[in-house]
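Encoded as structure tokens, the structure appears first; notes follow it.
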Amino acid sequence: MTGLIDIHTHYVPNGWPDLRADAGPDAPWLRAETESEAMIMMGDKEFRRIAADCWNAETRLLDMDADGVRTQVVSPTPAFFNYGRTGEQAGRIARIFNDLALEIVAPAPDRLIPFCQVPLQDPDAACRELERCLAAGHRGVEIGNHVGDQDLDSAGVETFLQHCASLGVPVFVHPWDMADSPRLDRWMARWLTAMPAETHLSILALVLGGVFDRIDASLKICFAHGGGSFAFWLGRMENAWHRRNDVIGTSEFPPSHYLDRFHVDSVVFDERALRLLVDTLGAERVMVGSDYPYPLGERPVGEVVRKSGFLSETERQLITSGNAERFLSLS
Numbered sequence: 002m003t004g005l006i007d008i009h010t011h012y013v014p015n016g017w018p019d020l021r022a023d024a025g026p027d028a029p030w031l032r033a034e035t036e037s038e039a040m041i042m043m044g045d046k047e048f049r050r051i052a053a054d055c056w057n058a059e060t061r062l063l064d065m066d067a068d069g070v071r072t073q074v075v076s077p078t079p080a081f082f083n084y085g086r087t088g089e090q091a092g093r094i095a096r097i098f099n100d101l102a103l104e105i106v107a108p109a110p111d112r113l114i115p116f117c118q119v120p121l122q123d124p125d126a127a128c129r130e131l132e133r134c135l136a137a138g139h140r141g142v143e144i145g146n147h148v149g150d151q152d153l154d155s156a157g158v159e160t161f162l163q164h165c166a167s168l169g170v171p172v173f174v175h176p177w178d179m180a181d182s183p184r185l186d187r188w189m190a191r192w193l194t195a196m197p198a199e200t201h202l203s204i205l206a207l208v209l210g211g212v213f214d215r216i217d218a219s220l221k222i223c224f225a226h227g228g229g230s231f232a233f234w235l236g237r238m239e240n241a242w243h244r245r246n247d248v249i250g251t252s253e254f255p256p257s258h259y260l261d262r263f264h265v266d267s268v269v270f271d272e273r274a275l276r277l278l279v280d281t282l283g284a285e286r287v288m289v290g291s292d293y294p295y296p297l298g299e300r301p302v303g304e305v306v307r308k309s310g311f312l313s314e315t316e317r318q319l320i321t322s323g324n325a326e327r328f329l330s331l332s
């Protein structure tokens, strides 16, 4: 089969039941403005303007055809994770959004692959919701890179990841809930600096937190946005592991030992950055992602991968589809 597989896209339903009575006045809701435009609201605050490409399968398919995309992984928008609410509240919200996701992808089940969300702050509930979603038709799960002050090496998250490994379920990690300060309120600095840093930290947590030492090697996990700044600073981490092993020698091996334990997407927008990813992780660990349909995503999808002259045709095939076929267990 030909065409790209896009591992990183998002959806937003075209409306959902009112959550405010249960989850509080700041619960998310959708303010419809036209048939094809809406505003995501968090209580009385505007969060993000969206269009029909968030919920309309026909619109998505037209864009996919224009960009040569065979298949999309369709994941939640991280703003709806609700990890700051109780596990019970987040579980009810997850069920609503997960069921609506299946309606969005239903018109093209061979091209749109749904990933669910789970109440990660309650590992038992997260495992139950994952199993319910898999039975209903979801093919993987998207999680945030932290739950409050707990990173991915917390006991609860590790329990959930081990459950994913035991079921062979692919996991997509997306940064969310970035630190806020006046210094980050200019120039979209939370998106330009905090998102890469958060993603880097989440990989570091799995390495230095010892999760990769304890968890089954069958875990399939991919990090958004090229893994953040991880590839650029691997040498710094390696140096620190050896020179300050008394402080960060918390993993059995140095960070470079674990490069075959995770994937990253290709949303780095620059051939030089893609070359660093491939040189650091290997072409077999990078998959095309776009962050569709949001404005900071890559369009046309996979443009940097297509145009990068340093890639061999074998490497290009791995990144555009081969790696994702294995990650998603596609025939």
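Under the working numbering, residues 2 to 332 are what the sequence shown spells out, in order. Glycine is no exception: its CB is placed at the ideal position from the N, C-alpha and C atoms. Note that the coordinates shown come from a computational prediction; the quantities given were computed from them, not determined experimentally.
Close beta carbons around residue i, own chain, < 8 Å, minus the five adjacent residues each side
i, result
"D54", "T60, R61, D64, Y293, P294"
"G169", "S219, K221, S330"
"G145", "P79, F82, Y84, L121, V174, H175, P176, W177, D178"
"I97", "W17, P18, L20"
"F328", "I8, P171, K221, C223, H264, M288"
Continuous alpha helix (DSSP H) stretch holding residue i: start and end
i, result
"E299", "That residue, E299, is in no alpha helix (DSSP H); it is neither H nor E in DSSP."
"D64", "58-68"
"E36", "Run containing E36: none; DSSP gives neither H nor E here."
"F48", "Looking at the DSSP string, F48 is not in any alpha helix (DSSP H); the run it does join, the beta strand (DSSP E), is 46-52."
"L131", "124-137"
"T315", "314-318"
"C165", "156-168"
Same chain, Cβ closer than 6 Å to residue i, five either side skipped, listed in chain order
i, result
"L278", "G227, A232, V287"
"A33", "A39"
"R230", "According to the sequence provided, residue 230 is Ser. The question's Arg does not apply to it. Closer than 6 Å at Cβ, skipping near neighbours: P197, H201."
Other residues of its chain near residue i: CB distance less than 7 Å, five sequence neighbours each side excluded
i, result
"G250", "W242"
"R138", "Contrary to the premise, residue 138 reads as Gly rather than Arg in this sequence. Cβ neighbours of G138 beyond the five flanking positions: L103, P115."
"A274", "G227"
"V70", "G4, L5, D7, V302"
"L319", "A284, E285"
CA-to-CA distance, residue j to residue i, given in whole angstroms
i, j, result
"T281", "E316", "14 Å"
"S257", "E47", "42 Å"
"S37", "D214", "48 Å"
"D27", "R93", "16 Å"
"E272", "S309", "6 Å"
"R86", "V148", "11 Å"
"R140", "C117", "8 Å"
"L135", "S203", "25 Å"
Residue i - containing beta strand (DSSP E), residue span
i, result
"P29", "29-33"
"G141", "141-145"
"D100", "Not the beta strand (DSSP E): D100 falls in the alpha helix (DSSP H), residues 88-106."
"F224", "222-224"
"L5", "5-11"
> Do the region 13-21 and the region 107-121 touch if we need at least three Cβ pairs shorter than 8 Å?
Replying inline: no
> What beta strand (DSSP E) runs, 3 residues minimum, are completely inside the region 172-210?
Replying inline: 172-175
>> Threshold first: 3 residues or longer. Then list the beta strand (DSSP E) segments lying entirely within the region 246-292, N to C.
In response: 264-266
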